[in-house]
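Just so you know, we're using the numbering used here here: the sequence shown kicks off at 13 and counts up by one.
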Amino acid sequence: MESDILQTPQETLTCCICQGIFMVPVSLRCGHTFCKVCLILSSKDFRIPDLCPICRQPSHWTFINNNTMKNLVSTVRENRLMKYLISEEHKCVIHKERKMTFCGESRAFLCQLCSDSQDHRGHTHCTIGERACMQMLKLEKQMASLLKKILLQQDNLNKARTTIFHWLDDVTLRGEMIRTQYSKLHPPLNEEVNQYMACMKNQSSIILEALRENEAMMVHKRSQLIELCQELKATSQKPYEVLLLQDLDDLFSRSELVQLTQRMKPKLSAHPNTGLTARYKYFQVKVFFQNLIIYNCHRSLVFGVRRFTSRYCNGHTFLAVPRSYRASWGTESFTTGKHYWELDLKNYKEWAVGVCDNVWLKKRNFEIGSEGAFLLVCLMDGDHYSLHTTCPIFHHHIEKPTGRVGVFLDCEGGCVSFLDVTQSSLIYSYCPGTFHCTVRPYYCTVYKWS
């Protein structure tokens, strides 16, 4: 059996991508096997390729860990190491004994008599086989860590490129929206709107340049990580008798020192619009909220698939539960007319305000991004926030309101607008004709936690 293993053809143990011995082998549905890191890095978008690199069969973007091949590779390498250890050139020149012990301090192979000698007494010793296992485990762990960093950097890079791709379109859309709001003022403030547009254009250009510099840095860091990963892979290909004596600390240290470049999360400044607050306040109404619901969430959930377990709250005993969300909707629904109300949100990290239809309320799963709710949503991701509107979901690159948020509902126009009351600036306005149904005021907030 041992002879059969030693006679295993080299091509059986070889990854066709790197042409080296398998390192953490994985197999696709077609049965072909590759090093995990080679398979993922061979793809343009750094994911499991949709087709097998050998037979071009669909992979369905999944693989399985090939533990049988991993054990075979390990056995072959261990047997080849043992064959080297029993060779005449490996025997101790002093005691003529086989060297089967590894000394951690002197990084040397020792026979039993040498390991018991005064020179090595008190040093850390282990068998050469144990040392081989430890070295390979260290390499696998470090490669897994590097691969994780590469994938995280690629994810950040993809998001950064998406932001750059849409940046100018988003700024143009915001400019058109602001011009529309100014056009409703009498008399029109042409000089002010021109200053506003010039300021926004200048700020947008500066941010765009910074976004491109951020993208270039991400690409550079990704290249550094890939080079280190390839260096680790090359190190793993060395024979055990060479690898065992190599100090990997410097290589591991360089791997840990490469830090990811975080993507920019650009924000346009909120500029005041003269007369905006006064025009909205002309339609101000008192809105009363009812049907308080408490949501229990186990962790920070992703926008668009946010679902909560809810229960009615008749009293006030549950209102300060950490990480609990509460929501309520207006006692009165609106079908006609123009209506404006404000909510104070300065004490909340995450919130959603706007209007929703009765069909959405009846679903009771309250998925924030689902159809029937026209909301401005503030979400936290670590220390950063992001503003979105729903139906359709849209990410806004503007400053977060720090105090009161105004909601203006135009039933005839079929749209709703959101105002940063403190700055007297427009956050977003839906296009006319967005909805043609009876809607109710709605809000949802989350309490701060320590």
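Even glycine gets a Cβ: it sits at the ideal position worked out from N, Cα and C. Being a predicted model, the structure only gives us computed values, none of them experimental.
- Query: Between residue 138 and residue 35, what straight-line distance do the alpha-carbon atoms span, to the nearest angstrom?
  - Reply: 24 angstroms
- Tell whether a beta-carbon distance below 8 angstroms holds between residue 52 and residue 59. yes
- Taking contact to mean at least 3 C-beta pairs separated by less than 8 angstroms, is the region 176-183 in contact with the region 234-250? no
- Item | Candidates 236, 113, 165, of which the one nearest residue 129 by Cα | 113
- Task: For residue 31, count neighbouring Cβ atoms within 10 angstroms of its own Cβ and tell me buried if that reaches 16, exposed if not.
- Result: exposed
- Message: Taking only three categories from DSSP, how would you classify residue 145?
- Response: helix
- Query: With a CB to CB cut of under 6 angstroms and the five nearest residues on each side skipped, what residues in its chain are close to residue 277?
  - Reply: 396
- Go ahead and pull the three-state DSSP assignment for residue 342. strand
- Message: So the candidates are 146, 207, 361; which of them puts its Cα closest to the Cα of residue 456?
- Response: 361
- Give me the Cα-Cα distance between residue 153 and residue 286, rounded to the nearest whole angstrom. 59 angstroms
- Task: List the endpoints of the continuous alpha helix (DSSP H) containing residue 372.
- Result: 370-375
- Relative to the C-alpha of residue 393, which residue among 299, 383, 275 is closest? 275
- So what's residue 262 in DSSP terms, helix, strand or just coil? helix
- Where residue 14 falls, given that 16 or more other Cβ within 10 Å makes a residue buried: For residue 14, the predicted structure reports a pLDDT of 48, less than 50, and the residue's modelled location is therefore unreliable. A value from the coordinates is still provided. When all chains shown are included, residue 14 counts as exposed.
- Taking C-alpha atoms, which residue in 401, 82, 61, 84 lies nearest to residue 73? 61
- Task: Name, in chain order, the residues that DSSP records as bridge partners for residue 122.
- Result: 113
- How long is the line joining the alpha carbons of residue 433 and residue 40, rounded to whole angstroms? 56 angstroms
- Task: Starting from the Cα of residue 75, find the closest Cα among 99, 57, 47 and give me that residue.
- Result: 47
- Item | For residue 451 and residue 346, believed in contact at Cβ under 8 angstroms, the rounded distance | 6 angstroms
- Item | Residues near residue 26 in its chain [Cβ-Cβ closer than 6 angstroms; skip 5 each side] | none
- Simplified DSSP state of residue 354, which is helix, strand or coil: strand
- State the CB to CB distance for the pair residue 384 and residue 369, rounded to an integer number of angstroms; the pair is presumed to be in contact (CB under 8 angstroms). 5 angstroms
- Task: Starting from residue 220, follow the alpha helix (DSSP H) in both directions and report where the run begins and ends.
- Result: 202-248
- Measure how close the beta-carbons of residue 390 and residue 372 come, nearest whole angstrom, since I'm counting them as under 8 angstroms. Not quite, the Cβ-Cβ distance comes to about 19 angstroms (not below 8 angstroms), so this is no contact.
- Message: Less than 8 angstroms between the beta carbons of residue 282 and residue 411, yes or no?
- Response: yes
- In three-state terms, what does DSSP make of residue 77? strand
- Item | Inter-residue Cα distance where the pair is residue 42 and residue 238 | 27 angstroms
- Message: Applying the 10 Å Cβ sphere with the 16-neighbour rule, what's the burial state of residue 344?
- Response: exposed
- Query: Does DSSP put residue 389 in a helix, in a strand, or in coil?
  - Reply: strand
- Task: Could you please give me the residues that DSSP links to residue 367 through a beta bridge?
- Result: 386, 453
- Item | Backbone CA spacing between residue 217 and residue 211 [nearest angstrom] | 10 angstroms
- residue 447, DSSP secondary structure in three states: coil
- Whose C-alpha, out of 186, 104, 81, 144, is nearest the C-alpha of residue 38? 81
- Compare the Cα-Cα distances from residue 273 to each of 228, 126, 192 and report the closest residue. 228
- If we ignore side chains and look at the alpha-carbon of each, how far apart do residue 71 and residue 159 end up? 20 angstroms
- Query: Which one of 289, 208, 252 has the shortest CA to CA distance from residue 92?
  - Reply: 252
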